[in-house]
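Residue numbers are given in full-length UniProt numbering: position 240 of the sequence shown equals residue 240, and the series is strictly consecutive. Where is the CB? At the ideal position from N, CA and C, for every residue including glycine.
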Amino acid sequence: MTSATDPVVEALTVQVLDFPTDAPEADGTATWSSTTMVLVQARSGTASGLGWTYGAAGAASVVHDLLADSVVGRSAWDVPGANEAMTRALRNAGRPGIGGFALSAVDIALWDLKARLLQLPLADLLGRAQRSVPVYGSGGFTTYDDARLEGQLRAWTEGRRIPRVKIKIAEDWGGLEHRDLARIELARTTIGPDAELYVDANGGYSVTQAIRLGRRLAGEYDVRWFEEPCSSDDLPGLARICAAVDTEVAAGEYGFTLPYFQAMAAAVDCLQADATRCGGLTVWLRAAAVAEAHGLQLSGHCAPHIHAHAACAIPNLRHLEWFHDHVRIENALFDGCLDPTGGLLRPGHDGAPGLGLTPRRDVLEQRRRTGT
1 MTSATDPVVE ALTVQVLDFP TDAPEADGTA TWSSTTMVLV QARSGTASGL GWTYGAAGAA
61 SVVHDLLADS VVGRSAWDVP GANEAMTRAL RNAGRPGIGG FALSAVDIAL WDLKARLLQL
121 PLADLLGRAQ RSVPVYGSGG FTTYDDARLE GQLRAWTEGR RIPRVKIKIA EDWGGLEHRD
181 LARIELARTT IGPDAELYVD ANGGYSVTQA IRLGRRLAGE YDVRWFEEPC SSDDLPGLAR
241 ICAAVDTEVA AGEYGFTLPY FQAMAAAVDC LQADATRCGG LTVWLRAAAV AEAHGLQLSG
301 HCAPHIHAHA ACAIPNLRHL EWFHDHVRIE NALFDGCLDP TGGLLRPGHD GAPGLGLTPR
361 RDVLEQRRRT GT
């Protein structure tokens with residue numbers, strides 16, 4: 001219900017932006033040369049909130065055709081109510097998948113708008129369980145040659161003093177184990193013995209293959225984190241791997257619903273969730289509570305400037321992913337981006353309201369897809 005004195009959401013606008021990568025990129029199960037952002041702005045009076053997702057451009061049509069009528073005219077204070085209304089609007093189209101991407105972008109924009117209307121950093125609006133947020137450097141694509149991989153790792157650990165880094169493995173759906181191990185060895189040699197080393201198979205290994213390799217990761221290379229060692233659809237397989245290896249197993253980035261996170265929590269050592277997919281910050285915070293109820297920490301997947309403020313609000317935060325592609329995009333598109341030096345983000349330290357970001361109009365125009 002909207003009070004006569006409440007500010008209301010007056011309009012939603014959405015744009016599709018395309019950003020080429022700075023080099024060919026691949027992980028264990030996919031290749032890409034550009035990244036698409038669907039950017040939503042929610043307006044109330046002179047205030048405008050930003051939200052976005054990284055995914056199919058069709059999410060923009062979902063915002064226009066299915067979600068806008070559930071949000072425009074509502075109180076700008078009631079973000080959870082808007083989230084529920086959007087969820088109901090997606091009943092027939094489906095909440096997982098592209099509908100979830102679209103809903104997430106709108107939800108994030110509404111949280112940013114609410115905090116801007118209140119002239120508060122979003123971290124202060126949500127409350128702070130902690131003042132700073134750990135991050136890990138993430139990239140190490142399987143397409144990188146040794147020199148590029150080494151340079152990226154040194155830029156994080158020496159240039160930015162980020163004490164934890166992650167590389168991609170399981171190249172060619174796990175078909176190049178010898179190269180995976182050589183790259184892991186190079187990464188450990190490059191970062192030295194003190195930095196934490198993580199690996200991400202993106203679901204590229206079979207369960208038995210992941211167990212066999214996983215048993216080597218901790219002992220030979222001191223790998224602390226084994227992400228999606230097999231398909232995240234295979235919860236029994238993840239649980240088998242988790243029980244068989246010493247390295248922590250993590251997954252959850254493809255979660256769209258709380259029942260998914262509840263089931264995943266029984267199969268991993270650390271739960272992941274992505275606010276640009278799972279239902280925005282509203283559901284991401286709930287996923288953190290699910291993890292806490294299972295005695296687990298939560299790690300935010302990608303899109304660091306989406307997650308940083310909300311991450312301050314959860315007591316069981318592990319860290320956020322300082323992902324190469326998304327950091328490049330967010331730094332290019334927005335003024336006000338955060339500094340990861342020392343491996344910690346400090347959201348809201350400057351008092352800027354909301355997410356603290358301002359779009360650069362020239363970049364918007366340059367990267368906007370025609371017709372959006």
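Subject >> beta strand (DSSP E) runs wholly inside the stretch 33-121, at least 3 long, in chain order >> reply: 47-54
Original post:
Hey, residue 12 and residue 40: beta-carbon distance below 8 Å or not?
Top reply: yes
Subject >> Whole-Å CB distance - residue 265 paired with residue 290, under 8 Å assumed >> reply: 6 Å
Original post:
Secondary structure at residue 190, three-state DSSP: helix, strand or coil?
Top reply: helix
Original post:
With 16 as the cutoff for other CB atoms within 10 Å, does residue 178 come out buried or exposed?
Top reply: exposed
Original post:
Roughly how many whole angstroms lie between the Cα atoms of residue 342 and residue 155?
Top reply: 12 Å
**OP:** May I ask which residues mark the beginning and end of the beta strand (DSSP E) holding residue 357?
**Re:** Note, residue 357: premise wrong, no beta strand (DSSP E); not H, not E.
**OP:** Could you tell me how far apart the beta carbons of residue 160 and residue 340 are, in whole angstroms, since I believe they sit closer than 8 Å?
**Re:** 6 Å
Subject >> the stretch 142-151 contacting the stretch 312-330, beta-carbon criterion three pairs below 8 Å >> reply: no
**OP:** Give the secondary structure of residue 134 by DSSP, where H, G and I count as helix, E and B as strand, and everything else as coil.
**Re:** strand
**OP:** Express the C-alpha separation of residue 287 and residue 273 in angstroms, rounding to a whole number.
**Re:** 7 Å
Subject >> residue 356 versus 365, 364, 153 and 338, residue with shortest Cα-Cα distance >> reply: 338
**OP:** Check each candidate in 182, 120 and 115 and name the one with the smallest Cα separation from residue 144.
**Re:** 182
Original post:
Taking Cβ positions, are residue 157 and residue 101 nearer each other than 8 Å?
Top reply: no
Subject >> Chain-order list of residues whose beta-carbon lies under 8 Å from that of residue 219 (same chain, five-residue window excluded) >> reply: 246
Subject >> Pick from 209, 97, 225 and 202 that is closest to residue 232, judged by C-alpha positions >> reply: 202
Original post:
Once you ignore the five residues that flank residue 304 on each side, which residues in its own chain have a CB closer than 6 Å to its CB?
Top reply: 320 and 322
Subject >> Alpha-carbon to alpha-carbon, residue 114 and residue 34 >> reply: 32 Å
Original post:
Around the C-beta of residue 174, are 16 or more other C-beta atoms found within 10 angstroms, so that it is buried, or is it exposed?
Top reply: buried
Original post:
In this structure, does DSSP put residue 13 in helix, strand or coil?
Top reply: strand
Subject >> residue 281 (DSSP reduced to helix, strand or coil) >> reply: helix
Original post:
Excluding the five sequence neighbours on either side, which residues of its own chain have a C-beta within less than 6 Å of the C-beta of residue 346, listed in chain order?
Top reply: 132
Subject >> In DSSP terms, what residue 299 is bridged to >> reply: 272 and 319
**OP:** Assign residue 310 to buried or exposed, taking buried as 16 or more other Cβ atoms, counted over all protein chains shown, within 10 Å of its Cβ.
**Re:** buried
Subject >> Limits of the beta strand (DSSP E) - the one that residue 245 falls within >> reply: Careful: residue 245 lies outside any beta strand (DSSP E) and carries neither H nor E.
Original post:
How would you label residue 251, buried or exposed, when you count the other beta carbons within 10 angstroms and need 16 or more for buried?
Top reply: buried
Original post:
residue 191 and residue 180 look like a contact to me (Cβ under 8 Å); what is the Cβ gap, rounded to whole Å?
Top reply: Actually they do not touch by this definition, with Cβ atoms about 17 Å apart.
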